[in-house]
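A.B. asks:
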Amino acid sequence: MGERVRMLLAGLRKGKTYNPGEANSLLFDGQSEALHAAATEAISGDCHEPKSVARSESVSTPVGRHPRMPRPRTDNQAQYMQAMQDNSLVLGAGPAGTGKTYLAVASAVSALREGRVKRIVLTRPAVEAGEHLGFLPGDLHDKVDPYLRPLFDALNDLFGPATALRMKELDVVEIAPLAFMRGRTLNQSFVILDEAQNATVSQLKMFLTRLGEGTVAVVTGDHTQSDLPSGRSGLVDAMDRLAGIPKIATVVFHKNDVQRSKLVQRIVEAYEGD
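Quick note on the numbering used here: the sequence shown kicks off at 1003 and runs consecutively.
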């Protein structure tokens, strides 16, 4: 990844411009089978000590998996996890604290371990930045980290920081803004779009048309709220537009599915109906 970043920066210094799709292809595309095998081994072991290796090296001492794999605690959570096994596209909608993102990330890693996919892609819209991240101050990490931090947190909590970092270093886990999906085709991937209520209808259409062969996509968000300045939420539109299409499932969570804390559940109840 370091060499790819240097190539991108060298091009920018020479005056070359990149659209999000071009930049993303330069940074992330072309992953090898060896990297996939190494990453699968890295998340299947039992040791918790990190080991730094070059991308070309095999993993002789794997970084271990985190022992706390989540299990569904409510009927809707169980339906959600089953839907991710049975369908190509799952829409998970409902309030904060219902496990939409957490369970989706866990299902993605399970699919990677079982060889059903070759990589995991996590994305969300960067509404506050207007999705125009190309020439903001700082490097790519500085620009997108505030918007993607919840996805990092889910990986870290599930598997521990060492394993989560190893998966990213091997480029088998990619975390990027929604704008960087443009121009790509995502094959044999488990793709999670988080906070989809903040994606416009056109953005969500762009995302859904990136999905290629062997790919599973999960779109999560709270359909009752949106940070969009105007226009209809892409999540709400998709829930209506895609209803009844084979291999597409929608699971709607409610206040009784909130597992974060009793306080959060009461807060959700207090805001219901607004």
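Built from N, CA and C at the ideal position, the CB exists for glycine as well.
Since this is a predicted model, take the numbers as computed values, not measurements.
Alpha carbon to alpha carbon, what distance is there between L1206 and E1176?
C.D. replies: As a position in the sequence shown, residue 1176 is number 174, starting the count at 1. As a position in the sequence shown, residue 1206 is number 204, starting the count at 1. Whole-angstrom Cα-Cα distance: 19 angstroms.
A.B. asks: So what does DSSP say about P1163, is it helix, strand or coil?
C.D. replies: Locating residue 1163 in the sequence shown gives position 161, counting from the first residue. Three-state result, P1163: helix.
A.B. asks: Which same chain residues end up closer than 6 angstroms to V1092 when comparing Cβ atoms and leaving out the 5 residues on each side of it in sequence?
C.D. replies: Counting from one through the sequence shown, the residue named residue 1092 turns up at place 90. Once the five neighbours on either side are set aside, the close Cβ partners of V1092 are A1085, M1086, V1220, A1251.
A.B. asks: With G1203 as the anchor, note down where its alpha helix (DSSP H) starts and where it stops.
C.D. replies: Here residue 1203 refers to the residue found at position 201 of the sequence shown. With the sequence shown as reference, residue 1203 is identified as Val, and Gly is not the correct amino acid for it. From DSSP, the alpha helix (DSSP H) with V1203 extends over 1203-1210.
A.B. asks: Please classify P1152: does DSSP put it in a helix, a strand, or coil?
C.D. replies: Taking the sequence shown and counting its residues from 1, one reaches residue 1152 at position 150. Looking at P1152 - three-state DSSP - the assignment turns out to be helix.
A.B. asks: Would H1225 be called buried (16 or more neighbouring beta carbons within 10 Å of its own) or exposed?
C.D. replies: Working through the sequence shown from its first residue, we reach residue 1225 at position 223. Counting Cβ neighbours within 10 Å, H1225 comes out buried, since at least 16 surround it.
A.B. asks: Whole angstroms are fine: how far does the CA of T1165 sit from the CA of H1050?
C.D. replies: Translated into the one-based positions of the sequence shown, residue 1050 becomes position 48. Translated into the one-based positions of the sequence shown, residue 1165 becomes position 163. In this predicted model, H1050 has a pLDDT of only 39, less than 50, meaning its place in the structure is not dependable; the value taken from the coordinates is given anyway. Computed Cα separation, rounded: 8 angstroms.
A.B. asks: Name the two residues that bound the continuous alpha helix (DSSP H) containing G1246.
C.D. replies: Your numbering for residue 1246 matches position 244 in the sequence shown. Looking at the DSSP string, G1246 is not in any alpha helix (DSSP H), and its letter there is neither H nor E.
A.B. asks: Could you check what DSSP says for G1233 in three-state terms: helix, strand or coil?
C.D. replies: Sequence index remark: in the sequence shown, residue 1233 carries index 231 (1-based). G1233: coil per DSSP, three-state reduction.
A.B. asks: Would you decide whether P1148 is buried or exposed? Buried here means 16 or more other CB atoms lie within 10 Å of its CB.
C.D. replies: By one-based count along the sequence shown, residue 1148 stands at place 146. Counting Cβ neighbours within 10 Å, P1148 comes out exposed, since fewer than 16 surround it.
A.B. asks: Secondary structure at T1100, three-state DSSP: helix, strand or coil?
C.D. replies: Position 98 of the sequence shown, counted from the first residue, corresponds to residue 1100. Residue state, collapsed to three classes: coil.
A.B. asks: How do the region 1156-1164 and the region 1105-1113 stand: do at least 3 beta-carbon pairs fall below 8 angstroms, yes or no?
C.D. replies: Touching, per the Cβ criterion.
A.B. asks: Assuming P1179 contacts A1128 under a Cβ cut-off of 8 angstroms, what Cβ separation, rounded to an integer in Å, is found between them?
C.D. replies: Locating residue 1179 in the sequence shown gives position 177, counting from the first residue. Locating residue 1128 in the sequence shown gives position 126, counting from the first residue. With 8 angstroms as the limit, P1179 and A1128 qualify as a contact, their Cβ atoms being about 5 angstroms apart.
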